[in-house]
Amino acid sequence: MKSKIVNFWKKRLGQGGSSIQLNDPFQDLDEEMQESFPELGEATHVHEKQKGVKGIKRFKPFAGKSHKNPLATANVNKARLIGAAALGSAFGMFILAGLGVWTDIWEEKVEEVAIPEVEIVQPAPVVEVIEEGPLEAVDTVILGEIKSGDTLANIMVAAGASQRDTHLATRSFNKVFSVRKLRPGQKTSIRLIEGDEGPILEEFTLEPDQKRKVISTRQADGSFETIVEEVPLSTNLKVTNGVIESSLYVAATEAGIPSRVLADLINIFSFDVDFQREIQKGDSFALMYESLQDEAGREIETGKILVAEMTLSGDHHKYYRFKPKDEFADYYTSKGQSVRKALLRTPIDGARISSGFGNRKHPVLGYTKLHKGTDFAAPRGTPIYAAGDGVIEVAGWNGSFGKYVRIRHNGTYKTAYAHMHNIAKGISNGKRVRQRQVIGYVGTTGRSTGNHLHFEVHKNGRAVNPLSVKLPTGKKLNKKQLKSFNIAKAELDKLYDAEKATQLTPLQSAETIQEASVAQ
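All residue numbers in the sequence shown are consecutive under numbering that gives the first Met the number 0, ending with 519.
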């Protein structure tokens with residue numbers, strides 16, 4: 000239908016340009032359209048009624064008779080025919096526009112213009128060659144330390160870790176290290192990398208002490224695995240010495256001796272020396288001990304004293320550490336005699352004698368009475384040691400003695416400890432204890448005027464002076480053990496002399512140094 004309409008109008012418009020005949024245009028046009036489009040027939044829009052609304056009578060282009068010549072009819076008919084023709088022409092134009100006829104006609108009238116072909120050359124793509132290899136993530140390492148009130152979770156979140164990573168890391172961490180062991184001052188390290196949605200926790204490290212690291216590390220699946228890593232330490236030998244001018248503690252501190260090593264030194268000589276009363280100005284000491292150091296050479300902790308020397312009022316004492324086969328290690332003289340005595344004369348550290356053995360005026364009762372022991376004044380809570388190996392006979396309240404412990408060491412000797420603030424946990428009747436095991440703490444219970452330890456030594460059931468009684472000596476090595484000891488002693492002497500030559504200068508007292516400076 001569309002092509003027929005196009006051909007019709009092309010024919011009309013192509014007859015001499017604008018050659019439509021004005022003498023009878025409407026009749027010719029009407030007849031031509033009827034001949035060209037007989038299938039339209041009686042194409043009309045009839046009178047319609049829908050829901051009481053009147054329809055509209057539409058124009059019927061080919062209904063009724065053919066038009067007569069408008070010049071031969073009445074004026075009324077002429078006007079009617081002109082209007083009908085105009086309306087019919089407009090209707091035809093509407094149909095042509097709707098069918099896109101005018102577009103097709105116009106396209107055929109347009110003169111074709113030859114467009115030269117232009118070859119478009121696309122530029123070759125630029126390819127950047129990147130060397131293969133893993134991309135380096137940007138790490139952020141945050142160092143810190145535990146403060147009072149801190150938890151692992153708030154430390155990680157404060158550093159920027161997500162709640163999810165924090166939960167997974169702490170849950171893994173708690174499996175190998177109890178958070179109850181967190182202490183202020185412990186070092187922490189947090190490693191983060193930048194992710195698309197923010198920082199990603201890669202690793203959290205806690206140093207509970209200088210010998211261990213607890214490390215929680217992210218795995219490929221996003222979970223965390225925690226391990227305890229021991230810090231590698233190397234054992235080195237350290238030699239130091241000093242001259243006592245006021246006290247052993249001051250001289251040892253000036254010589255750089257760690258407090259733990261000093262305590263061990265006192266324990267070694269405590270069987271023969273009363274450090275509160277027998278130390279004099281000008282006495283000297285020297286020792287070789289183990290120093291455990293990290294890779295940076297820092298001393299992380301100290302080990303055992305291998306050789307210890309003291310010169311007291313001109314008397315020289317030198318002891319060696321030796322462990323007989325299948326026995327505990329101990330310290331021996333150069334002749335293989337153990338320095339350990341059956342009993343300690345002073346079962347407390349850092350105390351002063353406030354009252355000795357013998358008759359005295361009782362500070363509470365007000366009359367003279369035999370004081371059957373030695374009183375050592377010390378701050379409340381100071382540890383009290385068992386004077387020797389033995390079995391607990393009494394542990395509890397004992398009248399005017401207050402909280403009291405008595406130990407049976409053998410068939411001859413017993414020791415008693417009174418006025419304790421508290422008896423140590425696990426100390427009860429029948430329990431076996433070892434020498435220097437803590438059995439209680441200094442206090443002032445019972446008939447007492449201040450914090451102190453009342454210490455008694457009983458020999459064959461009778462109280463004796465703890466400071467003057469001759470105590471049984473310790474073990475002496477047998478022939479076979481002595482042979483092994485002499486070999487070990489020679490090795491220690493060789494090491495000791497070599498280390499002294501490189502680490503020490505000759506001992507000089509303050510008086511000697513002063514005399515030398517005056518002479519110059």
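Quick reminder that beta carbons are idealized off the backbone N, C-alpha and C, glycines included.
- Short of 6 Å from the beta carbon of residue 213, and not among the five residues preceding or following it, lie these beta carbons of its own chain, in chain order: 176, 205 and 227.
- The beta carbon of residue 335 sits closer than 6 Å to the beta carbons of 476, 481 and 484 from its chain, once the five residues preceding and following it are set aside; these are given in chain order.
- With a contact defined as Cβ atoms closer than 8 Å, residue 452 and residue 352 miss out at about 10 Å.
- Excluding residues up to 5 positions away in sequence, 285 and 317 lie with their Cβ nearer than 6 Å to the Cβ of residue 308 in the same chain.
- Residue 418 is classed as buried because its beta carbon has at least 16 other beta carbons within 10 Å across all chains shown.
- Annotated three-state conformation of residue 279 is coil, per DSSP.
- In the DSSP assignment, residue 498 falls within the unbroken alpha helix (DSSP H) covering 478-502.
- With respect to the 8 Å criterion, residue 263 and residue 192 are not classified as neighbours on the basis of their beta carbons.
- Look at the beta carbons and you see the segment 420-431 touching the segment 380-392: at least three pairs across the two are nearer than 8 Å.
- Sixteen is the threshold: when 16 or more other Cβ atoms of the shown chains lie within 10 Å of the Cβ of residue 304, as they do, the residue is buried.
- The shortest C-alpha to C-alpha distance from residue 437 to any of 326, 426 and 447 is the one to 426.
- For residue 155, DSSP assigns no beta-bridge partner whatsoever.
- Residue 311 is not a Cβ neighbour of residue 249, given a cutoff of 8 Å.
- Assigned with DSSP and collapsed to three states, residue 389 falls in strand.
- Ranked by Cα distance from residue 180, the first of 149, 300 and 190 is 149.
- In terms of CA proximity to residue 350, 381 leads the group 337, 340, 381 and 339.
- Listed in chain order, the non-local C-beta contacts of residue 159 below 7 Å within the same chain comprise 191 and 198, local neighbours out to five positions each way being set aside.
- Secondary structure remark: continuous alpha helix (DSSP H) runs of at least 4 residues inside the segment 149-233, in chain order: 151-158 and 162-172.
- With contact defined as three or more Cβ pairs closer than 8 Å, the segment 319-337 and the segment 237-256 are not in contact.
- Burial of residue 374 is indicated by the presence of at least 16 other C-beta atoms within 10 angstroms of its C-beta.
- For residue 376, the enclosing beta strand (DSSP E) starts and ends at 373-376.
- A Cβ-Cβ separation of about 5 Å places residue 420 in contact with residue 440 under the 8 Å criterion.
- The closest CA to that of residue 400, considering only 462, 230, 454 and 283, is found on 454.
- Runs of alpha helix (DSSP H) with 4 or more residues, each lying fully within the segment 245-272, are found at 247-253 and 258-268, listed in chain order.
- The closest CA to that of residue 314, considering only 339, 301, 278 and 288, is found on 278.
- Between residue 145 and residue 183, the gap from beta carbon to beta carbon is short of 8 Å.
- Shortest Cα-Cα distance from residue 446 to any of 478, 396, 456 and 407 involves 396.
- The Cβ atoms of residue 210 and residue 244 do not sit closer than 8 Å to each other.
- Cβ-Cβ separation between residue 188 and residue 224: approximately 17 Å, too far for a contact (criterion under 8 Å).
- Assigned with DSSP and collapsed to three states, residue 333 falls in coil, not helix or strand.
- With fewer than 16 other CB atoms across the displayed protein chains lying within 10 angstroms of its CB, residue 502 is exposed.
- Residue 414 places its beta carbon less than 8 Å from that of residue 456.
- As a beta-bridge residue in DSSP terms, residue 142 pairs with 188.
- The Cβ neighbour count for residue 215, taken over all protein chains shown within 10 Å, is at least 16; the residue is labelled buried.
- Annotated as proximal: residue 341 and residue 470, with beta-carbon spacing under 8 Å.
- Here the alpha carbons of residue 257 and residue 345 stand approximately 22 Å from one another.
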